[in-house]
Amino acid sequence: MKTVVLGAGALGSILAAHLAHAGEDVALIARGPRAKLLAARGVTVKGLADFTVNVPIIERPQELGVCDVFILTAKTYDTQPALDGVRNLKPDIAMSVQNGVVKNEHLAAVFGWDHTAGCIANFSGEVTGDGSVLFTRNSGLYFGELPRGTSPRMEAFAKVLNDTGVQAVASDHIQSVEWSKYVAWLGLTAVAVLSRLYTHIVYQDEDLASLQAALIREAAALAAKTGVGLVDLGGTLMPETLARVSPLEAKQLIQESGAAMQSQGIVTHRMSALQDLLRGRRLEVEETYGYAVARGAELGVPMPGLETCYRLLAGINRNAGSA
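Residue numbers 150 to 472, in the working numbering, belong to the letters of the sequence shown in order.
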């Protein structure tokens, strides 16, 4: 299968590197100094894997044609310019690992709904100072037909990825999976960014765990209002349970998940949004927290906690670099 990955950050680099390392046909769309670095030195992955591999780096995506799978890993605020550059691409499957739940509409506007798959990334990494990528968590890339169902093309790509060492799941209820990741992400991200702590500490702290539980309950109410059921995805992603149990039980479960991370040695993991903040980059605000607040107002779902987080993060974005 021929795969095109757009975005050479942590997730895009991990996917492209594993595919290339396994001998698969893959191209990585990158730009600027990052593109030149990877073209010259190859992509280096450390942590859960340890290798360097040459990956074809594409700086002019307009020259690409047909592919089996297209994966968008750019930040949400870069979506439109990123997709503008690949409008000539003809993928059989187009999917996005971006945060939030509006990404599929953006893909479908370019490639059509027949070629758009739902997708979430339940794996993570971090680009380090020397340009290599630290692969910190490998809990799965989930994808499937929309709004639900799997297919031979999804199963085939899942096999390809699993054979490379990246865990993959062809899900038959991907819309619920996407919303479940979104709900959990809304609960954690603002707390991680504002506290600037490693993820396992954010989970284990009593006050921060209580705040996450409250945010998840608000986001889960929005999902319920839209008619989408939540599911637990294992590990720290358990929004269905956290929304169903009492606030005290939810807090305790979140703390337990943090303790489990620590016992497993996952002690240097930081949310990608926190990584962006520490590097002086923009935060993904509008299509994540902004979307939740706007949709909640439209549907009559109160979400005071999420709105507070939205305004704090939006303010940080507007005033970045002024301190």
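Glycine residues also receive a C-beta, built at the ideal position from the N, C-alpha and C atoms.
Proximity below 8 Å, CB of T385 to CB of Y331:
By one-based count along the sequence shown, residue 385 stands at place 236. By one-based count along the sequence shown, residue 331 stands at place 182. No, Cβ-Cβ distance for T385 and Y331 is not below 8 Å.
Take the Cβ of K185 as the centre, count every other Cβ of all protein chains shown within 10 Å, and call the residue buried at 16 or more, exposed below.
Reading the sequence shown from its first residue, position 36 is the one you call residue 185. Counting Cβ neighbours within 10 Å, K185 comes out exposed, since fewer than 16 surround it.
Where D241 and F219 are concerned, what is the direct C-alpha to C-alpha distance, given to the nearest angstrom?
Counting from one through the sequence shown, the residue named residue 241 turns up at place 92. Counting from one through the sequence shown, the residue named residue 219 turns up at place 70. As the crow flies, the alpha-carbon of D241 is around 8 Å from that of F219.
Taking R183 as part of the alpha helix (DSSP H), name the residues at either end of that continuous run.
Residue mapping note: residue 183 aligns to position 34 of the sequence shown, counting from 1. Residues G181 to R190.
If you count every other CB in all the chains shown that lies within 10 Å of the CB of N237, and 16 or more means buried, which is it?
Numbered from its first residue, the sequence shown carries residue 237 at position 88. Flag for N237 reads exposed.
I need the DSSP call for D312, collapsed to helix, strand or coil.
Stepping through the sequence shown from its first residue, residue 312 is reached at position 163. Secondary structure of D312 (DSSP, three-state): helix.
Give the C-beta separation of T222 and G161 to the nearest angstrom, bearing in mind that I take them to be a contact with Cβ-Cβ under 8 Å.
Working through the sequence shown from its first residue, we reach residue 222 at position 73. Working through the sequence shown from its first residue, we reach residue 161 at position 12. Indeed they touch by this definition, with Cβ atoms about 4 Å apart.
Quick check: does the Cβ of A392 come within less than 7 Å of any heavy atom belonging to the ligand NAD?
Inclusion of the ligand NAD in the displayed structure is not the case, the ligand content being empty and no account of it being possible.
Could you please give me the residues that DSSP links to S273 through a beta bridge?
Here residue 273 refers to the residue found at position 124 of the sequence shown. Residue pairing from DSSP places S273 in a beta bridge opposite R286.
Name the DSSP bridge partner or partners of T152?
Residue 152 sits at position 3 when you count from the first residue of the sequence shown. Bridge partners of T152: V175 and V218.
Express the C-alpha separation of T313 and A307 in angstroms, rounding to a whole number.
Here residue 307 refers to the residue found at position 158 when the sequence shown is read from its first residue. Here residue 313 refers to the residue found at position 164 when the sequence shown is read from its first residue. Each residue's alpha carbon lies about 10 Å from the other.
Neighbourhood of R431 by C-beta, 8 Å cutoff - its chain only, sequence neighbours within 5 removed:
For the purposes of this step, residue 431 is identified with residue 282 of the sequence shown, where counting begins at 1. Counting only residues of its own chain and dropping the five nearest sequence neighbours on each side, R431 has a CB closer than 8 Å to the CB of K224, Y226, D425, N466 and A469.
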